[in-house]
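Protein chains: 2
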Amino acid sequence: MTRAKQPTSRDVAALAGVSVATVSYVMNGRTDRRIPAETRDRVLEAARQLAYAPNRSARSLRRRRTEQVCLVVGSIGVPAYDQLAADVHVRADEAGYGVITVVVDSPDRAEKTVGLLHQRIADGVIIAPDVPYLTENSLGGLARSGLPMVVMSNTAVPDGFDVVRAPETAACAEALDHLVGSGRRRIAYMGHEHEFSDSPLSSERLAAYLAALERHGMSRDDDIIVSGADDRVAAYHAATALLNAPDRPDAIFAASGRGAISAIWAARDASLTVPDDVAILGCGNLPESLITQPTLSTVGPPAADDFTEVARLLFDRIAAGVPSKGHEVTEPWIYNRRAST
Amino acid sequence: MTRAKQPTSRDVAALAGVSVATVSYVMNGRTDRRIPAETRDRVLEAARQLAYAPNRSARSLRRRRTEQVCLVVGSIGVPAYDQLAADVHVRADEAGYGVITVVVDSPDRAEKTVGLLHQRIADGVIIAPDVPYLTENSLGGLARSGLPMVVMSNTAVPDGFDVVRAPETAACAEALDHLVGSGRRRIAYMGHEHEFSDSPLSSERLAAYLAALERHGMSRDDDIIVSGADDRVAAYHAATALLNAPDRPDAIFAASGRGAISAIWAARDASLTVPDDVAILGCGNLPESLITQPTLSTVGPPAADDFTEVARLLFDRIAAGVPSKGHEVTEPWIYNRRAST
DNA sequence: CTGTTAGCGCTTTCAG
DNA sequence: CTGAAAGCGCTAACAG
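Each protein sequence line maps, in turn, to chains A and B.
By numbering that gives the first Met the number 0, the letter at position 277 of the first sequence is numbered 276, and the numbering carries on one by one without gaps.
By numbering that gives the first Met the number 0, the letter at position 148 of the second sequence is numbered 147, and the numbering carries on one by one without gaps.
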């Protein structure tokens, strides 16, 4: 088998007996240039015959845009990221854009990614929440280079890019106060792995938890501050361990929805009643929260995650063409009290 | 704010007092050209000063490769796709490639995607299992155009691309025979949405189910052939409906792992015992299968999903450069009997 | 050891 | 209405 050389617009032009300019106009279906149907059909037929498709790199080089956006996430398989990815894909598709996904889960990846973005691998970028190792510094540099960017973060401040925030702290505080107010005296925290490493990422949820302990004169007990929220299986094991300990907590605050759902299962499997024996509180707002027994209380958006607005911000910015100082958008986060607390 | 024009290699060359060729060699760290440290440092310093990064489109055009691979999936948020995406990202990263993800969930998207691939948006492509609407015809066309490709499918036949298969039918048959052999007389099927539309995609799992009914002289009852396997919430509701019906099934075969797990929950919430009252069988091999009560029997790979081999196939093919007829690789699928059947 | 130069394939003025 | 020609920014011969 020999690799057939890809046909170029020149080949099509030759076959159709026109110039490459005409081929370009026809292929792009441009209306600002009046082309007789006869000519157009001849070009189209030649293109079909040769299975011609305009080369994307060449077009990008010439038009100075790639028609790709880049979505930067911290890992794969997190429901909120999946929803974000889905929403971005839909919007991108509408705008005729493709989506390049990059996973940043190490300082090395973070650095490489910033490099790629500088190389104009995409016309815009969305940084998902809690992507570690991306410094404000490098983000600022990217924005300054003219790359449209929307950053989901509670700490970043708009600086040539848009920032989307979620007021986690207030919502966590409200939920934790409610837990204490309803008599919980030993509240466990199940966090993400990276909260327990020496990641540069500070955890708003853990901070809110610790602040609540302080506020209510409760002492911190590292035995019931555990990881596991990243992953259903780990969460199940972590919750099981917590609930089988001699000094069992009477509430578990999980930093994810999946963690909380696994905790409900762990409690049931340990023959404990939720919320009587142990209250369970999660983060986010997974659709599943409504089908658990009991239904899961969470701190999160009032309805299911929806990131279409975030995608819209990016495409508006791309369309605008000219960099602006940057908006700051706040998505609501509240205490969704249901039956598990 | 004015958008700073991106610096080019010419700018760097001028600042460093060298030619663009030297800049190129330095930036690519090429060892086949001996460049004195002094010159190199000057170039690097100039690049740093201008925040120069080589333009990706130009490089792709010139080198005739994009250093991107494309992953085509049917939807977002399916655990098996997530695992595939994760494995592809890891391999790609090692190979210095990026990953463009495209979601094909309509005939329209399928067509557009084939078009993009023809435009050489990527140097290779992996088609995930069960991506609908992609015809063998268009895949063949892509392969013939010289695009390295690995297709996960049980029906496609290698034709300039590699095919990765999973012998689902045999494994399903074994599991279903076991269900019948252990006395199950009314087995429900919970499938994917697309099995109930007029999608061109035939379902091997549904076919295996129907064949098993036939084989054992059981009659098909469309009341217990339902959808819901795509989504945990839908599955929970579907299973609940099934289990509360007057003529309750004594087994549920779900075409996904998530569907089966939701079915276990639904059974427990309906105060039924698994497997005594109802056996539950899933597909795939989610890690969660081991933490459900009882543990979940599945038809699927013997261990957790692992697609690194698939990614390897693609990168081998890309590295080879020359198109070959195509390998056919079969991943094992078996009946993983655990406690739920 | 380094610079000059010819494109990669396309889009888009600008002339005809 | 159509074609010629000038690049987009980079890489890789090739010549010095």
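Every residue gets a Cβ at the ideal spot worked out from N, C-alpha and C, and that includes glycine.
In this text the structure is predicted, and so the values were computed from the model without any measurement.
Problem - Short CB-CB distance (under 7 Å) between residue 99 of chain B and chain A - result: So, interface residue.
Handout entry: chain A contact residues for residue 290 of chain B, given Cβ-Cβ distances below 8 Å
Key = Under the 8 Å cutoff, chain A gives 231, 232, 235, 236, 261, 264.
Handout entry: Reference residue 355 of chain A; option with closest CA among A/83, A/115, A/268
Key = Outside the shown range of chain A, which is 0 to 340, sits residue 355 of chain A, and nothing can be said about it.
Practice task
Give the interface partners of residue 54 of chain A over in chain B, defined as CB-CB distance under 7 Å, in chain order.
Solution key: Those within 7 Å of residue 54 of chain A in chain B are 118, 119.
Handout entry: Residue-chain proximity (residue 221 of chain A, chain B), Cβ-Cβ < 7 Å
Key = Contacts with chain B at 7 Å (Cβ-Cβ) do not include residue 221 of chain A.
Problem - Under the three-state DSSP convention, the category residue 277 of chain A falls into - result: DSSP places residue 277 of chain A in coil when its eight states are reduced to three.
Exercise for the section: Taking only beta-carbon positions, decide if residue 88 of chain A is within less than 7 Å of chain B. Expected result: Chain B has a Cβ within less than 7 Å of the Cβ of residue 88 of chain A.
Problem - residue 100 of chain A - DSSP class collapsed to helix/strand/coil - result: It is a strand residue.
Handout entry: Partners in chain A for residue 287 of chain B, counting only beta-carbon separations shorter than 7 Å
Key = Simply 231, 232.
Problem - Closest by C-alpha distance to residue 194 of chain A, when choosing among A/219, A/33, A/225, A/87 - result: When only C-alpha atoms are compared, the closest one is A/225.
Problem - Length-filtered (3 minimum) beta strand (DSSP E) runs lying within the segment 153–203 of chain A - result: DSSP runs (the beta strand (DSSP E)) wholly in the segment 153–203 of chain A: 161–164, 186–190.
Exercise for the section: Please confirm whether residue 98 of chain A and residue 68 of chain A have their CB atoms less than 7 Å apart. Expected result: Yes.
Problem - Distance between beta carbons of residue 189 of chain A and residue 278 of chain A, contact taken as under 8 Å - result: Rounded, the Cβ-Cβ distance is 13 Å, inconsistent with contact.
Practice task
Quick one: using the 10 Å Cβ neighbour count with 16 as the cut-off for buried, is residue 32 of chain B buried or exposed?
Solution key: Residue 32 of chain B is exposed by the Cβ-count criterion.
Exercise for the section: Classify residue 183 of chain B as buried or exposed, calling it buried when 16 or more other Cβ atoms lie within 10 Å of its own Cβ. Expected result: When all chains shown are included, residue 183 of chain B counts as buried.
Practice task
Determine which residues of the segment 27–59 of chain A have a Cβ less than 7 Å from any Cβ of chain B, and write them out in chain order.
Solution key: Listed in sequence order: 50, 52, 53, 54, 55, 56, 57, 59.
Handout entry: Length of the line joining the Cα atoms of residue 110 of chain B and residue 138 of chain B
Key = Per the coordinates, the alpha-carbon of residue 110 of chain B lies some 11 Å from the alpha-carbon of residue 138 of chain B.
Exercise for the section: Could you work out which residues of chain A lie near residue 115 of chain B, taking near to mean beta carbons separated by less than 8 Å? Expected result: Within chain A, the residues whose beta carbon sits less than 8 Å from that of residue 115 of chain B are 55, 97, listed in sequence order.
Handout entry: Neighbouring residues, chain B, relative to residue 333 of chain A (Cβ below 7 Å)
Key = Those do not exist, as residue 333 of chain A stays about 21 Å from chain B at its closest Cβ, beyond 7 Å.
Exercise for the section: Work out the CA separation of residue 155 of chain A and residue 0 of chain B for me, nearest whole Å. Expected result: Here the model assigns residue 0 of chain B a pLDDT of 39, short of 50, so the residue's position is not dependable, and the following value carries that caveat. Rounded to the nearest angstrom, the two C-alpha atoms are 20 Å apart.
Exercise for the section: Go to residue 347 of chain B, then tell me how far its alpha helix (DSSP H) extends in each direction, as first and last residue. Expected result: Nothing about residue 347 of chain B can be read from this structure; chain B reaches only from 0 to 340.
Handout entry: Identified DSSP bridge partners for residue 126 of chain B
Key = Looking at the DSSP assignment, residue 126 of chain B forms a beta bridge with B/71, B/150.
Practice task
Just the C-alpha distance for residue 323 of chain A and residue 203 of chain A, rounded to the nearest angstrom, thanks.
Solution key: Cα-Cα distance, rounded: 29 Å.
Problem - Test: residue 339 of chain B CB closer than 7 Å to a CB of chain A - result: Interface flag for residue 339 of chain B against chain A is unset, since no Cβ pair is found closer than 7 Å.
Practice task
For residue 54 of chain B, count neighbouring Cβ atoms within 10 angstroms of its own Cβ and tell me buried if that reaches 16, exposed if not.
Solution key: A residue is called buried when at least 16 other Cβ atoms come within 10 angstroms of its Cβ; residue 54 of chain B meets this threshold and is buried.
Problem - Rounded C-alpha distance that separates residue 2 of chain B from residue 144 of chain A - result: Only weak support is given to the placement of residue 2 of chain B: the predicted model assigns it a pLDDT of 47, under 50, and the question is left unresolved by the model.
Practice task
Pull up the DSSP beta-bridge partners for residue 329 of chain A, would you.
Solution key: According to DSSP, which records beta bridges pairwise, residue 329 of chain A is partnered with A/164.
Problem - Local conformation of residue 225 of chain A per DSSP, three classes - result: Residue 225 of chain A falls in the strand class under three-state DSSP.
Problem - Host alpha helix (DSSP H) of residue 338 of chain A (start-end) - result: In the DSSP assignment, residue 338 of chain A falls outside any alpha helix (DSSP H), carrying neither H nor E.
Practice task
Mind listing the chain A neighbours of residue 102 of chain B? Cutoff is C-beta to C-beta under 9 Å, in chain order.
Solution key: Within 9 Å Cβ-Cβ: 84, 85, 88, 89, 92, 98.
Problem - Beta-carbon separation (whole angstroms), residue 172 of chain B vs residue 211 of chain B, contact threshold 8 Å - result: About 6 Å separates the CB atoms of residue 172 of chain B and residue 211 of chain B; that is less than 8 Å, so the two are in contact.
Practice task
Would you mind stating whether residue 191 of chain B and residue 228 of chain B have Cβ atoms separated by less than 7 Å?
Solution key: In this structure, residue 228 of chain B lies closer than 7 Å to residue 191 of chain B by Cβ.
Handout entry: Residue burial classification, residue 341 of chain B (beta-carbon count within 10 angstroms, cutoff 16)
Key = An answer regarding residue 341 of chain B cannot be provided, because it is not within the stretch 0 to 340 covered by chain B.
Practice task
Return yes when the Cβ of residue 149 of chain A is within less than 7 Å of the Cβ of residue 158 of chain A, no when it is not.
Solution key: No, Cβ-Cβ distance for residue 158 of chain A and residue 149 of chain A is not below 7 Å.
Handout entry: residue 306 of chain A - DSSP class collapsed to helix/strand/coil
Key = Residue 306 of chain A falls in the coil class under three-state DSSP.
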